[in-house]
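A short write-up of the structure that comes next.
Chains as they are written, first to last, in my numbering: chain A, 21 to 424; chain B, 21 to 424; chain C, 21 to 424.
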């Protein structure tokens, strides 16, 4: 396929394209998703890390009609799901796969999911991504709030994106940017749009999410966001460790109290373990940036999740070290909020408000730490952020879950 | 119905002028919706108001796969949504747009809506049309009735139509008729079909809906219908007025009581106004026809909604004069019923029954009143229907909403 | 279209294909459903019963995007619905149609159904098949169990199948096998897959279902299955009879008690009859096989439903002899369980458990009994299975439905 510059519908992009980027519209109101590919070779980019972006559609089962965008940056391969909130299905560098093996094997089209099913747990029928967007009207466990059943972790993961565009810088390092917009709208209820953005550079082992939530409405509105970022082997294993600059940590519930002493280390796949969750308030640097790390027992392989605490002030560590088949996985989850139902989080000050026309930016960086040097460097950075500051370990949950 | 001429290719159209009409199947069990157009020029119709009918499909977001039929009658442009109950998305004559700006910007495929979500308010996630069909098993606010949660305004707006056909008279005035059938069927519960029909004539500023509800079942069955017809600027503005021949008017609820004195005039977009609703029992002429009008403050521009009270005996005036962003809109809503939950309306005699194999016809006419002359003429007609008959203004709601 | 052997993705099928079968992939992750046909003539099979398999897609209404596979074995025509759990829509031999006329006329895409709607009766909006798969996480009437609303008869009928393959033996009798896989998966909740299989032979009046349920999870899990097999005229009529080797029969509820004396005979379409249901525990032969028969009054036409009681130990006889329009139909329903909500069936021992990685096989045979000879032969077989063994007729239901 010869390179195309699609300048027809997006004026601003078109203008930019003449300057210094290649721009493509992959999906829009008048443009259906269809098999498509662009490669560095087609673009005439000479590089020892040839890259490509490919669009495909899944068929059969509950994944009928689901679009996938595969980005191969020459080193890291990423799969993004426009049909499911621009979630990142997986990322891999060689044999190191960021992501996990959920019992849910299909990439499920939201058309086949009832979020209100299973008492508000319908979300579980589609949950299998590396990064699952949660929000933006609410996150957290299902339950009643203001007379309405809030379903698990909100709608974002089950909102198909529109206006999916690809942007490749015309000069080195040829940054690749994939954007898609989510509309979360209901008359009298909510008028949000989320411009999602995923950026990676050819040859790198890193990608970033830069999301912008806009309240298009005329009234201030509560919102919540949580980036459910899920990892398994080869990072997660018996003796694997989690590190972060921690201001406060507390057990999510009574079950998590029991393992509090070991909250930063992981078990092998453990029958009947189910899950424990720890609520973390991280320290950040002067710019608000912080870093969290998951690494294997040997400290020779890891991943880091960095984020800005100005809009993502808290963090949940989800330790689902049950059996492989049940889903051996840990979630590193920066958020506005913890995973309690919204009504529990209001008193904690974790249900922020977005003003009319205001925008909130959420920035998260994911990096593979491919060797001991990379792991140590990240841990050193965490140590620098922590500095001499104390960690408060709370022995009891922040909320009394026995009170509905 | 006259025999159909199935003309698959545009090339064959020229030969289609033998009977008295051109007929096209746009969508059927064995015919997928696809880009298509027919124009008066292609039909060999010589007119100073060239007309066309176009079919298109939307992509991306929650509107993936939604079909739209655009009718340009030479003067008025209409958009009909087969995927959403043959709802009329909008109609416009020049700059005068019938319809409104909902926070819901997508034309949402019902596959992505859970009507049972948000406590039965899931319907609000797709509500943005000029005419939204409500019914036909029930209309009204969500709530329990006979042990079942009735979701807001029933299913009609979220039933995709089958057998969408286009019929154009072969002689002047070349009336254009678009039909689509809605099936509202559930074993043991309901066996309705609704033959919807929209008719407009080239060059006119009017369209009509002629719907036929059939109870295919062997048992009598309760039904309700309401045509949620929604207008904003340039008709709705501060000082705009509503007129109708009124037998009785009453406030929908306590909030509406407060503005009862001004129920026929409108506010500018008003922060925190939310909505008021007035229940109207209209007078009609000897044939049962009645007319309602919304016009701007100057009386120089308006719309009329006429309907037959034999099957649509009551009317709701929905005044949602909140901010523009929240949805500045008023609904002129002929119906079998008001907008209370069905269980409130049975004692009011507003839950009619349709006998086995019986048909009920619903006829509504929409006209642009393009100048003062047209507005005055419509108001005069309203005055003639009212005649000397009295209007009863009830100060209290017809039902006690404090009693569930 | 020329015959193709698609050997690419399915290793086992590919190997088989070289040996003694034609194999086709009709639908898979990377292969969309599309119009397709294969005929015995194309395969070079010389037979006096030419056979064919055809795939088509439905459009319009709630059936948009539904795939149908039509199998004409030369004598019997079957229609299978991959989009709806590989359900068998109907089967016919000449004028004898196995199946029924539901008020639901569309073959409804599950994307348009909310199983949780109507208080858990949303399933009724799509119910119209000859064989509707019920299960596999649960079957039975809606109601709360373990704090979750179980919707009517589970999800299987509304799970679209993936990996739909067709297998035709390359030698006489050229058995035709259609397979499709259902995934019933939700994180932390269930990890089932069901390999469905329908087999028929050219020229026969029989087809068989051979389904295999696999618990892919690491934990034992409750499951239930019920094959809702539905027949109407010409088999069902006033005086039609049901026969089976019966160990125990009991009325489902108080209403069924009243007609207990006539539980094996049928009424004409009867206004306001609604339905009666009888719970049957069948006898089987030494291999666990049993047989049930429905035949017309004259005993000259019938159908048999045979199954293996090792995994389908009980049977429900559903007598819905209401009016034709309401759905004049009887269900012959082999199952793990009766049609009570799951919480009622646990004390009856009818909620079995499937171990991790275990498989359960469900085998059901459907045959047209085209004349008196065939009917008599089937009844004789039933008599042989019953032998001298007694039938217990219980006068009261097995469960007390007044206790929730």
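All C-beta atoms, glycine included, are put in the ideal place defined by N, C-alpha and C.
Which residues, in chain order, does the region 205-222 of chain A contribute to contact with chain C at a C-beta distance below 9 Å?
-> Taking 9 Å as the Cβ-Cβ cut-off against chain C, none of the residues of the region 205-222 of chain A qualify.
Using 9 Å as the limit for Cβ to Cβ distance, is residue 422 (chain B) near chain A?
-> Residue contact check for residue 422 (chain B) against chain A: no CB pair falls below 9 Å.
Give me the Cα-Cα distance between residue 80 (chain B) and residue 139 (chain B), rounded to the nearest whole angstrom.
-> Distance from the CA of residue 80 (chain B) to the CA of residue 139 (chain B), rounded to the nearest whole angstrom, comes to 27 Å.
Could you give the residue range of the alpha helix (DSSP H) that holds residue 168 (chain B)?
-> No alpha helix (DSSP H) contains residue 168 (chain B), which is instead part of the beta strand (DSSP E) from 168-170.
At a CB-CB cut-off below 7 Å, which residues of chain C make contact with residue 343 (chain A)?
-> Here the neighbours are 238.
Shortest alpha-carbon distance to residue 419 (chain C) belongs to which of C:382, C:363, C:409?
-> Of the candidates C:382, C:363, C:409, the one whose C-alpha sits nearest the C-alpha of residue 419 (chain C) is C:363.
Minimum C-alpha distance to residue 102 (chain B) - residue among B:144, B:117, B:47, B:148 = Cα-wise, what sits closest to residue 102 (chain B) is B:47.
Closer than 9 Å, CB to CB, is residue 130 (chain C) near chain A or not?
-> Chain A contact via Cβ: present.
7 Å Cβ cut-off: residues of chain B touching residue 125 (chain C) | Neighbours of residue 125 (chain C) on chain B, chain order: 203, 205.
Is any beta-carbon of chain A found at less than 9 Å from that of residue 145 (chain B)?
-> True, the Cβ-Cβ gap to chain A drops below 9 Å.
For the 8 Å Cβ check, are there 3 or more pairs between the region 257-268 of chain A and the region 227-246 of chain A?
-> No, because fewer than three Cβ pairs between the region 257-268 of chain A and the region 227-246 of chain A fall closer than 8 Å, the two stretches do not touch.
Going by CA-CA distance only, name the one from B:162, B:185, B:279, B:68 that's closest to residue 223 (chain B).
-> The candidate whose alpha carbon is nearest that of residue 223 (chain B) is B:68.
Beta strand (DSSP E) segments (min. 3 residues) lying fully within the region 198-254 of chain A = The region 198-254 of chain A contains these whole beta strand (DSSP E) runs: 210-220, 226-235, 244-251.
Quick one: what does DSSP say residue 158 (chain A) is sitting in, helix, strand or coil?
-> In the structure shown, residue 158 (chain A) sits in coil (DSSP, three-state: anything other than H, G, I, E or B).
Under 7 Å between beta-carbons, which chain C residues line up against residue 81 (chain A)? List them in chain order, please.
-> Those within 7 Å of residue 81 (chain A) in chain C are 180, 181, 182, 203.
Identify every residue that forms a DSSP beta bridge with residue 133 (chain B).
-> Assignment of beta-bridge partners to residue 133 (chain B) by DSSP yields no partner.
Under 9 Å, do residue 324 (chain C) and residue 389 (chain C) count as touching if we go by C-beta distance?
-> Taking 9 Å as the Cβ cut-off, residue 324 (chain C) and residue 389 (chain C) qualify as a contacting pair.
At what residues does the alpha helix (DSSP H) containing residue 83 (chain B) begin and finish?
-> Premise fails: residue 83 (chain B) is in no alpha helix (DSSP H) and is neither H nor E.
So residue 351 (chain B) is in the beta strand (DSSP E); what residue range does that whole segment cover?
-> It spans 348-355 - the beta strand (DSSP E) in which residue 351 (chain B) sits, taken as one unbroken run.
Within chain C, partners of residue 47 (chain B) - CB distance below 8 Å = 79, 80, listed in chain order.
8 Å Cβ shell around residue 162 (chain C) - same chain, five flanking residues per side excluded | If the five residues before and after residue 162 (chain C) are omitted, its C-beta is found closer than 8 Å to the C-beta atoms of 139, 140, 141, 169, 170, 171, 172, 361, all from its own chain and listed in chain order.
Counting only the same chain and skipping the five closest in sequence on each side, list residues whose C-beta sits under 6 Å from that of residue 304 (chain C).
-> For residue 304 (chain C), where only same-chain residues beyond five positions count, the Cβ hits under 6 Å are 310, 329.
Compute the Euclidean distance between the alpha carbons of residue 404 (chain B) and residue 153 (chain B), then round it to the nearest angstrom.
-> A straight line joining the alpha-carbon of residue 404 (chain B) with that of residue 153 (chain B) spans about 29 Å.
Considering only residues of the same chain and omitting the five flanking positions on each side of residue 392 (chain B), which have a CB-CB separation below 7 Å?
-> Spatial neighbours of residue 392 (chain B) in its own chain (CB-CB distance under 7 Å, excluding positions within 5 residues in sequence) are listed in chain order as 319, 320.
Would you mind stating whether residue 202 (chain C) and residue 105 (chain C) have Cβ atoms separated by less than 9 Å?
-> Yes. Within cutoff.
Validate contact between the region 374-389 of chain A and the region 261-269 of chain A using beta carbons, cut 8 Å, 3 pairs | Too few Cβ pairs lie closer than 8 Å, so no.
Between the Cα of residue 188 (chain B) and the Cα atoms of B:91, B:252, B:135, B:108, which residue gives the shortest distance?
-> Taking each of B:91, B:252, B:135, B:108 in turn and checking the Cα distance to residue 188 (chain B), the smallest one comes out for B:91.
Kindly indicate the opening and closing residues of the beta strand (DSSP E) around residue 384 (chain C).
-> Residues 379-389.
Proximity to residue 341 (chain A) [Cα-Cα], best of A:54, A:375, A:122 = Put simply, of A:54, A:375, A:122 the residue whose alpha carbon is nearest the alpha carbon of residue 341 (chain A) is A:122.
Taking Cβ-Cβ distances shorter than 9 Å, what residues in chain A pair up with residue 138 (chain B)?
-> Residues of chain A passing the Cβ test: 136, 168, 169, 206, 209.
Cα separation between residue 216 (chain B) and residue 285 (chain C)?
-> One C-alpha to the other measures close to 43 Å.
Reference residue 358 (chain A), options A:348, A:349, A:347, A:371, closest by Cα = For the residues A:348, A:349, A:347, A:371, the minimum Cα distance to residue 358 (chain A) belongs to A:371.
Taking 9 Å as the CB-CB limit, is residue 198 (chain C) close to chain B?
-> Cβ-Cβ to chain B under 9 Å: no for residue 198 (chain C).
Please determine, among B:333, B:127, B:96, B:148, the residue with the shortest C-alpha to C-alpha distance to residue 225 (chain B).
-> When only C-alpha atoms are compared, the closest one is B:96.
Exposed or buried, what is residue 289 (chain A) when buried is set at 16 or more other beta-carbons lying within 10 Å of its beta-carbon?
-> Buried: at least 16 other Cβ atoms inside 10 Å.
Which residues bound the alpha helix (DSSP H) around residue 365 (chain C)?
-> Counting along the chain, the alpha helix (DSSP H) containing residue 365 (chain C) begins and ends at 362-365.
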